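Quick mapping for you: the protein sequence lines, in order, are chains A and B.
Just so you know, the working numbering puts the end of the first sequence at 505, numbered straight through with nothing missing.
Just so you know, the working numbering puts the end of the second sequence at 505, numbered straight through with nothing missing.
Virtual Cβ for every residue (Gly too), placed ideally from N, Cα, C.
Given the structure is predicted, the values throughout are model-derived calculations rather than measurements.
Number of protein chains: 2
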Amino acid sequence: MADVVSIDPRTGATVEVVAQETTTADVDRLCKAALAAFPALEELGRDGRALLLRTLADALEERRDDIVAIADRETALGSMRLNGELTRTTYQLRLFAEVLDEGSYLEATIDQAGDTPMGPRPDLRRLLVPIGPVAVFGASNFPLAFSIAGGDTASALAAGCPVVIKAHASHPATSGLVYDILAAAAPKCGAPEGTLALLHGLQAGADLVAHPAVRAVGFTGSASGGQALLRIIEQRPDPVPFFGELSSLNPVVVTPAAATERGATVGAELAASFTMGGGQFCTKPGLAFVPRGLAGDALVEAMAEAVTGMPAPVLLNEGIAAAYRRISIELAEAQGIETAASGGAARGAGFQAQPLLLTTSAAALPRQATEECFGPVAVVARYDGEQDLLAAVGALPSSLTAAILRGADETELPALLTDRLRPLAGRLIYDGYPTGVAVSWAQQHGGPWPSTNSQHTSVGTTAVRRFLRPVAWQSAPQSVLPRELTDGFTAVPRRIDGVLHLPD
Amino acid sequence: MADVVSIDPRTGATVEVVAQETTTADVDRLCKAALAAFPALEELGRDGRALLLRTLADALEERRDDIVAIADRETALGSMRLNGELTRTTYQLRLFAEVLDEGSYLEATIDQAGDTPMGPRPDLRRLLVPIGPVAVFGASNFPLAFSIAGGDTASALAAGCPVVIKAHASHPATSGLVYDILAAAAPKCGAPEGTLALLHGLQAGADLVAHPAVRAVGFTGSASGGQALLRIIEQRPDPVPFFGELSSLNPVVVTPAAATERGATVGAELAASFTMGGGQFCTKPGLAFVPRGLAGDALVEAMAEAVTGMPAPVLLNEGIAAAYRRISIELAEAQGIETAASGGAARGAGFQAQPLLLTTSAAALPRQATEECFGPVAVVARYDGEQDLLAAVGALPSSLTAAILRGADETELPALLTDRLRPLAGRLIYDGYPTGVAVSWAQQHGGPWPSTNSQHTSVGTTAVRRFLRPVAWQSAPQSVLPRELTDGFTAVPRRIDGVLHLPD
């Protein structure tokens with residue numbers, strides 16, 4: 002068995018052995034336990050699972066300082082960011098408890114028996130039910146909010162699905178601590194053994210997505226990692242849904258009016274957005290379209306100034322730092338790309354990365370500028386006019402987000418850009434930046450390929466829909482129906498004979 | 002170019018050349034036209050598309066007799082069934098118009114800007130938008146309701162997606178007539194050119210799912226056909242959702258109480274269900290669990306009696322008839338399977354098939370008895386007691402449906418069976434038979450693999466969800482928002498700050 006080690010990214014040194022990689026036999030045992038736990042977890046009902054989620058949130062809050070300390074040591078993300086991320090994590094758990102309280106997510110629907118133009122119709126009742134055990138992959142860049150107790154786990158538990166989580170190798174100690182806290186708290190409110198499990202190791206992750214008990218997979222990570230898992234899923238005798246969020250360019254368009262009105266401000270804000278968290282966000286703006294001319298020049302100068310003064314951030318792990326060096330150098334040296342500014346150089350044994358601001362021409366956008374480079378680099382593409390801009394924007398790959406910075410009263414160009422960008426993004430942002438993804442009812446974090454999550458979100462309340470499937474009961478006796486479908490139940494919204502009814 | 006011919010299944014004779022197989026260049030042209038039509042079709046809005054669907058339904062009704070005559074000549078399904086199927090088809094188009102009128106399907110959601118425990122939240126507004134051009138594959142067994150003007154087309158058009166339809170080779174003349182009717186009617190209510198297209202030929206179908214303009218695929222057909230398309234989709238640079246409904250066993254369980262109370266009736270009804278339409282339904286009950294003993298014997302005798310007196314139905318095409326002969330013989334000759342009754346023998350040059358009733362033991366269920374055999378054959382598995390029954394049922398593959406026939410006041414065994422069968426089916430039927438799938442709000446036609454449609458339905462109003470994807474607008478000016486998300490719009494249900502509001 003191979004050791005799972007925790008490394009300090011600030012020094013590159015191995016700090017401790019945290020665990021052993023999970024064996025294939027143990028993956029099998031844990032997945033079977035998850036399957037065995039499934040009926041009892043569903044049986045807890047909406048109330049029981051809402052209590053579970055709130056209990057888990059409370060348990061994490063009680064250990065806030067320990068969690069943040071160990072996460073900071075393993076990720077170098079800093080305690081302010083990590084405190085915020087833990088707040089996000091517990092808020093997220095509690096918000097899914099509200100989703101359960103409210104009950105719309107069940108899509109409870111009743112068609113009463115009767116005659117139709119098609120002939121007599123039997124009594125039909127439809128509800129979304131949990132899909133079964135879910136495999137969750139912790140993300141490198143969010144050790145808390147997209148990892149053990151993150152959005153995938155919260156939404157799967159809310160749905161009623163046991164969760165088997167593969168810890169990310171970047172933060173195994175944080176993962177272990179968070180898991181221990183959850184595993185100790187869950188039984189206190191009746192969650193069955195097997196509700197949660199933790200795995201370590203690449204092979205364990207592969208075994209997990211191949212396991213017959215697993216009914217869906219949630220993944221946030223690299224395109225190569227996600228595609229490797231997808232290949233395994235395609236080989237299953239029964240392929241299961243794969244909700245992957247694999248990479249994203251997140252284009253930002255600054256209109257001429259916005260550049261003229263507030264170029265310097267936008268430049269400083271854009272620089273802050275693409276370097277935030279070391280540029281290690283799936284929503285990092287990797288490509289910004291800025292008009293040629295004086296106003297655009299001022300914007301780029303403000304970005305360059307911010308980048309020049311910036312120390313080299315410490316990236317999450319050696320692999321990400323090495324990939325950043327390789328890809329950012331390839332990008333900087335690509336035909337048609339120039340370096341506008343660089344920040345402090347990477348030095349020492351830790352996983353530092355030099356911030357970089359590059360420029361190019363929108364009319365001859367190099368391929369490399371349209372591909373995600375994880376880390377503190379962004380490309381500014383200068384455009385000459387609307388036609389130049391719209392043509393370049395229309396040829397972009399899909400992203401999680403697209404942002405439009407416009408003039409105070411500008412409507413025409415933003416509307417044209419909206420038409421071009423909507424097919425390419427899950428979230429459209431106006432006069433703001435893509436980093437910072439609110440957890441709320443209306444959020445959408447996904448999009449067309451390279452998200453495999455094109456019809457769902459991994460952030461926000463509707464993330465629960467990924468782990469549900471519809472079942473219809475035809476002419477069923479009351480005794481076998483889920484309570485939300487029984488006659489006279491009024492505590493959740495229900496559609497009856499096509500008409501939506503709210504709770505009394 | 003290869004001829005597309007229309008064959009009379011009653012005689013096996015080629016009646017006419019209907020068209021030429023669509024070339025790769027023409028598939029490309031039609032898919033590009035669909036993509037070009039997409040913005041204008043969406044622009045029609047909910048009202049405009051509801052009018053479109055009703056107009057198409059009216060146009061089909063006007064040509065009812067012509068459609069039924071040609072469909073009967075090509076499928077041998079009979080004019081009563083085909084009249085019913087056309088009624089279902091036009092009802093379905095009109096029901097999706099109601100879905101558009103009602104507007105819940107948009108999942109309109111607004112989170113107003115404000116403070117949260119996570120910090121300040123921007124204004125976020127979410128709506129489901131059409132996914133883009135949809136590829137639809139006509140089914141062999143429903144020349145109307147699951148073909149050119151069928152549920153996939155109706156739900157895709159409702160969503161706002163142009164549709165490129167591959168006609169099934171079993172009924173190209175019917176497909177051509179229905180397409181011509183739709184294509185003539187659509188422009189009358191403003192549908193852009195490119196809203197609908199028709200393809201013929203196997204290679205054209207493969208070209209279609211590989212085309213970059215196609216954003217989702219709806220398929221009803223064989224497991225082998227569906228898996229071939231899935232392989233093509235997996236090779237796309239941007240895999241798209243594949244909503245396939247590939248095969249289904251549809252187990253039926255008769256409890257001892259039901260057998261005792263009404264064994265002979267159930268036997269006659271079961272025989273009618275599995276031979277209906279020549280046994281060519283995806284919901285055909287292929288396997289029935291019947292208790293051993295006198296009551297069960299009487300049930301099987303009633304089935305045998307019905308089958309013995311039954312003439313050989315004409316199947317849809319030569320391939321289906323040949324596969325039926327091969328698979329039903331293999332099934333009948335499998336270890337542990339006995340033939341209880343056979344109907345009229347297949348004779349003549351047409352595609353006739355001999356009805357077959359087979360029996361076996363639930364305790365030693367042969368693999369072949371758990372696989373779909375398209376055509377007029379069913380297997381009765383006799384069981385000894387509850388334990389025997391529950392063990393056999395729990396080991397079944399997933400199906401579109403599972404049915405439980407119970408005693409008048411029986412609750413305990415039906416509840417146990419429900420627990421076992423729910424994970425394996427999309428629809429649970431009590432005291433009824435799986436054939437006959439109502440088009441309604443609460444319908445679910447799908448299920449775990451071998452449906453790739455596990456989280457969605459291909460029948461009923463929520464089928465529209467397959468062709469939609471969520472988009473969030475952050476801090477957007479009113480001028481770029483879809484009207485259903487603008488301030489003060491009240492004509493559709495909307496969730497505002499987590500609270501669902503119904504129209505005034």
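- Query: Taking 9 Å as the CB-CB limit, is S274 of chain A close to chain B?
  - Reply: Here the question's residue 274 of chain A lines up with position 273 in the first sequence. So no, S274 of chain A is outside the interface.
- Identify the continuous alpha helix (DSSP H) that holds Q228 of chain A and give its terminal residues. Looking up residue 228 of chain A in the first sequence gives position 227. A224 to Q236 is the span of the alpha helix (DSSP H), which, as asked, contains Q228 of chain A.
- Enumerate in chain order the residues of its own chain whose CB-to-CB distance from Q336 of chain A is below 8 Å, with the five nearest sequence positions on each side excluded. Locating residue 336 of chain A in the first sequence gives position 335, where the first residue counts as 1. Contacts found: P367.
- Item | Strand pairing of P131 of chain B, partner residues [DSSP] | As a first step, residue 131 of chain B is located in the second sequence; it is residue number 130 there, counting from the start. Answer by DSSP bridge pairing, in chain order: B:L469.
- Message: Taking the straight line between their C-alpha atoms, what separation do you get for A342 of chain A and R11 of chain A?
- Response: Stepping through the first sequence from its first residue, residue 342 of chain A is reached at position 341. Stepping through the first sequence from its first residue, residue 11 of chain A is reached at position 10. Rounded to whole angstroms, A342 of chain A to R11 of chain A spans 24 Å at the Cα level.
- Taking L96 of chain A as the reference, give the member of A:I182, A:L401 and A:T56 with the closest Cα. Counting from one through the first sequence, the residue named residue 96 of chain A turns up at place 95. The shortest Cα separation from L96 of chain A among A:I182, A:L401 and A:T56 belongs to A:T56.
- Message: Give me the DSSP bridge partner(s) of G278 of chain B.
- Response: Locating residue 278 of chain B in the second sequence gives position 277, counting from the first residue. As far as DSSP is concerned, G278 of chain B takes part in no beta bridge.
- Message: Report the CB separation of S455 of chain A from E373 of chain A in whole angstroms; it is logged as a contact under 8 Å.
- Response: On the first sequence, residue 455 of chain A is found 454 positions in, with the first residue counted as 1. On the first sequence, residue 373 of chain A is found 372 positions in, with the first residue counted as 1. Wrong, their Cβ atoms sit about 17 Å apart, outside the cutoff.
- Query: Under a Cβ-count criterion, where at least 16 other Cβ atoms within 10 Å of its own Cβ denotes burial, should K285 of chain B be classed as buried or exposed?
  - Reply: By 1-based counting over the second sequence, the position of residue 285 of chain B is 284. By the 10 Å Cβ count, K285 of chain B comes out buried.
- Run down chain A in chain order and give the residues with a C-beta less than 7 Å from the C-beta of V481 of chain B. Within the second sequence, numbered from 1, the residue matching residue 481 of chain B stands at position 480. In chain order, P415, A416 and T419 make up the part of chain A whose C-beta sits under 7 Å from the C-beta of V481 of chain B.
- Please state whether DSSP places L429 of chain A in a helix, a strand or coil. As a working mapping, residue 429 of chain A is identified with position 428 in the first sequence. Collapsing the DSSP output to three states places L429 of chain A in a strand.
- Message: My output table needs one value for S329 of chain A: the three-state DSSP class, helix, strand or coil.
- Response: As a working note, residue 329 of chain A is residue 328 in the first sequence. DSSP places S329 of chain A in helix when its eight states are reduced to three.
- When you compare only the Cα positions, how much space is there between S399 of chain A and G489 of chain B? Residue 399 of chain A sits at position 398 when you count from the first residue of the first sequence. Residue 489 of chain B sits at position 488 when you count from the first residue of the second sequence. Rounded to the nearest whole angstrom, the CA to CA distance from S399 of chain A to G489 of chain B is 32 Å.
- What residues match up with V378 of chain B in a beta bridge as DSSP calls it? Residue 378 of chain B sits at position 377 when you count from the first residue of the second sequence. DSSP, once it has assigned bridges, lists B:L357 as partnering V378 of chain B.
- Item | V210 of chain B at chain A interface by Cβ criterion, 9 Å | Residue mapping note: residue 210 of chain B aligns to position 209 of the second sequence, counting from 1. Closer than 9 Å: no.
- Is L418 of chain B helix, strand or coil by DSSP? Sequence index remark: in the second sequence, residue 418 of chain B carries index 417 (1-based). Reduced to three states, the DSSP call for L418 of chain B is helix.
- Query: Of the residues that make up the stretch 96 to 111 of chain A, which ones have a beta carbon closer than 8 Å to any beta carbon in chain B?
  - Reply: For the stretch 96 to 111 of chain A, the beta-carbon criterion of a distance under 8 Å to any beta-carbon of chain B is satisfied by E99, E103, S105, E108, T110 and I111.
- Any chain A beta carbon closer than 9 Å to M119 of chain B: Along the second sequence, one-based indexing puts residue 119 of chain B at 118. Chain A, which has a Cβ nearer than 9 Å to the Cβ of M119 of chain B, makes this yes.
- Message: Considering only the alpha carbon of each residue, which of B:L397, B:L358 and B:A333 lies closest to E302 of chain B?
- Response: Reading the second sequence from its first residue, position 301 is the one you call residue 302 of chain B. The closest CA to that of E302 of chain B, considering only B:L397, B:L358 and B:A333, is found on B:L358.
- Message: For H172 of chain B, would you say it is in contact with chain A, using Cβ-to-Cβ distances shorter than 9 Å as the test?
- Response: Along the second sequence, read from residue 1 onward, the residue named residue 172 of chain B stands at position 171. Chain A, which has no Cβ nearer than 9 Å to the Cβ of H172 of chain B, makes this no.
- Distance CB(G433 of chain B)-CB(A473 of chain B) smaller than 9 Å: Taking the first residue of the second sequence as 1, we reach residue 433 of chain B at position 432. Taking the first residue of the second sequence as 1, we reach residue 473 of chain B at position 472. Not in contact: G433 of chain B and A473 of chain B (Cβ atoms no closer than 9 Å).
- Query: Beta-carbon separation of R428 of chain A and T402 of chain A under 9 Å?
  - Reply: Position 427 of the first sequence holds residue 428 of chain A. Position 401 of the first sequence holds residue 402 of chain A. The answer is yes: Cβ separation under 9 Å.
- K33 of chain B - containing alpha helix (DSSP H), residue span: Against the second sequence, residue 33 of chain B aligns to sequence position 32. Here the alpha helix (DSSP H) through K33 of chain B covers T25 to E44.
- Query: Relative to chain B, which residues along the stretch 436 to 460 of chain A have a C-beta separation below 9 Å, given in chain order?
  - Reply: The residues in question are G437, A439, V440, S441, W442, A443, Q444, Q445, H446, G447, G448, P449, W450, P451, T453, S455, Q456, H457 and T458.
- Rounded C-alpha distance that separates V69 of chain B from F220 of chain B: Numbered from its first residue, the second sequence carries residue 69 of chain B at position 68. Numbered from its first residue, the second sequence carries residue 220 of chain B at position 219. Each residue's Cα considered, the two are about 23 Å apart.
- How is A289 of chain A classed by DSSP in three states: helix, strand or coil? Locating residue 289 of chain A in the first sequence gives position 288, where the first residue counts as 1. Under the three-state reduction of DSSP, A289 of chain A is assigned to strand.
- Item | Cutoff 8 Å; reference Q113 of chain B; Cβ partners in own chain excluding five residues on either side | Position 112 of the second sequence, counted from the start, is the residue given in the question as residue 113 of chain B. If you ignore the 5 residues before and after Q113 of chain B, its C-beta comes within less than 8 Å of the C-beta of D124, I497 and D498, all in its own chain and listed in chain order.
- Does the distance from the CB of P163 of chain A to the CB of G206 of chain A come in under 9 Å? Looking up residue 163 of chain A in the first sequence gives position 162. Looking up residue 206 of chain A in the first sequence gives position 205. Going by C-beta atoms, P163 of chain A is not nearer than 9 Å to G206 of chain A.
- Query: Nearest-angstrom Cα distance between D389 of chain B and S274 of chain B?
  - Reply: For the purposes of this step, residue 389 of chain B is identified with residue 388 of the second sequence, where counting begins at 1. For the purposes of this step, residue 274 of chain B is identified with residue 273 of the second sequence, where counting begins at 1. Spanning the two alpha carbons is a distance of roughly 25 Å.
- Message: Measuring alpha carbon to alpha carbon, tell me which residue in A:A77, A:R65, A:G177 and A:R122 is nearest T23 of chain A.
- Response: Counting from 1 along the first sequence, the entry for residue 23 of chain A is found at position 22. Answer by Cα proximity: A:G177.
- Query: Is V253 of chain A closer than 9 Å to L300 of chain A when the C-beta atoms are compared?
  - Reply: Numbered from 1 along the first sequence, position 299 holds the residue referred to as residue 300 of chain A. Numbered from 1 along the first sequence, position 252 holds the residue referred to as residue 253 of chain A. It is not a contact, given that the beta carbons lie outside the stated cut-off.
- Query: Helix or strand or just coil, what does DSSP make of S248 of chain B?
  - Reply: Locating residue 248 of chain B in the second sequence gives position 247, counting from the first residue. S248 of chain B falls in the coil class under three-state DSSP.
- By Cβ distance, which residues of its chain are closer than 8 Å to V291 of chain B, with the 5 residues on each side in sequence left out? Position 290 of the second sequence, counting from 1, holds the residue named residue 291 of chain B. Within the same chain, V291 of chain B has close Cβ partners V255, A260, G297, L300, V301, V381, A382, R383 and Y384.
- Quick one: using the 10 Å Cβ neighbour count with 16 as the cut-off for buried, is S80 of chain A buried or exposed? Position 79 of the first sequence, counted from the start, is the residue given in the question as residue 80 of chain A. That one is exposed.
- Task: Can you say whether E44 of chain B is buried or exposed, counting buried as having 16 or more other CB atoms within 10 angstroms of its CB?
- Result: If you number the second sequence from 1, residue 44 of chain B lands on position 43. Counting Cβ neighbours within 10 Å, E44 of chain B comes out exposed, since fewer than 16 surround it.
- Item | Alpha-carbon to alpha-carbon, G344 of chain A and M311 of chain A | Taking the first sequence and counting its residues from 1, the one referred to as residue 311 of chain A is at position 310. Taking the first sequence and counting its residues from 1, the one referred to as residue 344 of chain A is at position 343. Here the alpha carbon of M311 of chain A sits roughly 5 Å from the alpha carbon of G344 of chain A.
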